[in-house]
Every structure is written in structure tokens, then in C-alpha cells.
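From first to last, the protein sequence lines are chains A and B.
Residues 1 to 113, numbered by the numbering used here, are exactly what the first sequence covers, in order.
Residues 1 to 115, numbered by the numbering used here, are exactly what the second sequence covers, in order.
Every residue gets a Cβ at the ideal spot worked out from N, C-alpha and C, and that includes glycine.
The model shown is predicted, which means the values in this text are computed figures rather than measured ones.
Below is one structure, written out as C-alpha cells; comments come after it.
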Amino acid sequence: AQSVTQPDIHITVSEGASLELRCNYSYGATPYLFWYVQSPGQGLQLLLKYFSGDTLVQGIKGFEAEFKRSQSSFNLRKPSVHWSDAAEYFCAVSEPGNYQLIWGAGTKLIIKP
Amino acid sequence: DAGVIQSPRHEVTEMGQEVTLRCKPISGHNSLFWYRQTMMRGLELLIYFNNNVPIDDSGMPEDRFSAKMPNASFSTLKIQPSEPRDSAVYFCASRPGQGMGQPQHFGDGTRLSIL
Numbered sequence: 001a002q003s004v005t006q007p008d009i010h011i012t013v014s015e016g017a018s019l020e021l022r023c024n025y026s027y028g029a030t031p032y033l034f035w036y037v038q039s040p041g042q043g044l045q046l047l048l049k050y051f052s053g054d055t056l057v058q059g060i061k062g063f064e065a066e067f068k069r070s071q072s073s074f075n076l077r078k079p080s081v082h083w084s085d086a087a088e089y090f091c092a093v094s095e096p097g098n099y100q101l102i103w104g105a106g107t108k109l110i111i112k113p
Numbered sequence: 001d002a003g004v005i006q007s008p009r010h011e012v013t014e015m016g017q018e019v020t021l022r023c024k025p026i027s028g029h030n031s032l033f034w035y036r037q038t039m040m041r042g043l044e045l046l047i048y049f050n051n052n053v054p055i056d057d058s059g060m061p062e063d064r065f066s067a068k069m070p071n072a073s074f075s076t077l078k079i080q081p082s083e084p085r086d087s088a089v090y091f092c093a094s095r096p097g098q099g100m101g102q103p104q105h106f107g108d109g110t111r112l113s114i115l
């Protein structure tokens, strides 16, 4: 069965520092991969997605993610975080052609001033 | 373009009462999902509709929960009778069909508290 692991429950970074949030998945082939962000009291907003092609994908708000097949990973990165990036970040995968998203447990990002 | 609209944003009610949550998906989206989010269990898919037809309701916790989609622009999730353990944030999401890599678009959720 598919699974998604986000190993970090919380991450604290200083404003202006770089960020990498980890996501590993378990699936035999290449799934569709997504990163969503949830600000307090809000719904989930799509940051970026990957399903084929260039393994480095650009998203909104200055985020990017890199698909590494050999490591079954889809890590999210940002070169310089802003206080407004404080939120919870969810990685999700789906099998091509399947409606269901398998969700990671989320990583809460805390920004130090 | 309006996003997914959910109402109410907050609901506080006493156990035993009927609760109805509402969702208007994005126009043209023919897939609709209801999720529940709690600290303990994270995001759980409750039910999935495609073209207004329930395709997968295996996530609906028990018979107290029911969902309908009478037309392409409206869905409801009903809990009757409600219990304190139903307290959670309930999200509705929609998606434009089943094409490659189509992401789900989420509403802002309904925060439900059952006293």
C-alpha cells in the first residue's frame, strides 16, 4: 500500500534562512506528487505538483521541490523564508489514474524572528 | 474565479443535535471530496463523489454520517445525531475531472464543536 512519510513534525528556522522539508513515499512506480500549505484557520492550498518531466518543479510563493526517484523523495525547498511562511505543510501522493490522495502527517514550520 | 465555498465556517452545537455542513465546489469541477481533520488522525477522506454520484464512502465513520450531492454545484455532509468525538475541522475539496495530475482545491473548512 502507498504511504507518505514526513519525518519532521516541527521545524524551526530563522527568517531569511533556507528551508528544506522532507517527504518520502512508498510506491512501486512514479506517483503524482503534491505539496500543500495550510495556514492557521485556512484550507489547504496547492504549492506545486509533479507528475512527469523535469524533476525540479517550481511552485507558488517561491517554493520548489525536487523529485528523486532513487530516494523515493519529493523534498520541498525555499532559499529564504519569510515570517508569512509559518504554516503547516503537507506532502501528498496519488497513483496515476486514482482519485485518492495519500497524505503525509504534515510538518509545522515555525519562523524565528 | 471563486474557490470552494463552505458554510458555516464555525458550528457549535450540543450533542444529539443534527449538523449540516454545506459545500459549493468550483464551477466545472466534477469531483468532490469531503475530509475530516483532527490532531489525532490528520486528514481523513470521508467520501468521494464523481459527477454527483458517490463513488467511495468507505471513510464515512458510521451511519450517523451521510452525504449528498443533489447537483453539480452543491453538496451536504450531515451528522445525526452528533457526538463530541465528531468535533473536528471538515473540509470540502473539488477537482476538475480525473485527468493527469489534477490537484484538489480546498475550501476553508467548517470548524465543528460538539459539546
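- Under the 10 Å beta carbon count, A87/A is surrounded by 16 or more other beta carbons and is classified as buried.
- In this structure, C91/A and V13/A do not form a Cβ contact; the two beta carbons are roughly 18 Å apart against a cut-off of 8 Å.
- Setting aside the 5 residues that flank it on each side, N71/B is surrounded in the same chain by N52, each with a C-beta closer than 7 Å to its C-beta; the list follows chain order.
- In the same chain as S73/A, and ignoring 5 residues on each side of it, the C-beta atoms closer than 6 Å to its own belong to N24, in chain order.
- For Q2/A, the three-state secondary structure derived from DSSP is coil.
- Of all residues in the stretch 33-45 of chain B, only G42, L43 and L45 come within less than 7 Å of chain A when Cβ atoms are compared, listed by chain position.
- Around the beta carbon of H105/B, 16 or more other beta carbons lie within 10 angstroms, which makes this residue buried.
- In the displayed model, D56/B falls within a strand according to three-state DSSP.
- Assignment of P84/B by DSSP, reduced to helix, strand and coil, places it in the helix class.
- Taking the C-beta atoms as reference points, G43/A is found no nearer than 9 Å to F74/B.
- Y48/B reaches chain A at Y99 and Q100, counting residues in chain order whose Cβ is nearer than 8 Å.
- Relative to M40/B, the option among I79/B, E14/B, P103/B and A88/B whose CA is nearest is A88/B.
- In this structure P40/A does not touch R22/A by the C-beta definition: roughly 22 Å separates them, more than the 8 Å allowed.
- For the pair D54/A and E64/A, the Cα-to-Cα distance works out to about 12 Å.
- Among the CB atoms of chain A, one or more fall inside 9 Å of the CB of V4/B.
- CA-CA distance, S58/B to R69/A, rounds to 31 Å.
- Separation of the CB atoms of E15/A and R77/A is rounded to 16 Å, and the pair is thereby denied contact status at 8 Å.
- If the five residues before and after D108/B are omitted, its C-beta is found closer than 7 Å to the C-beta atoms of Q6 and R9, all from its own chain and listed in chain order.
- In the displayed model, Q58/A falls within a strand according to three-state DSSP.
- Residue state for Q17/B is assigned as coil, using DSSP reduced to three classes.
- A Cβ-Cβ separation of about 22 Å leaves I11/A out of contact with L101/A under the 8 Å criterion.
- Annotation for R111/B: H10 and V89 place their beta carbon closer than 6 Å to its own, counting only its chain and skipping 5 residues before and after.
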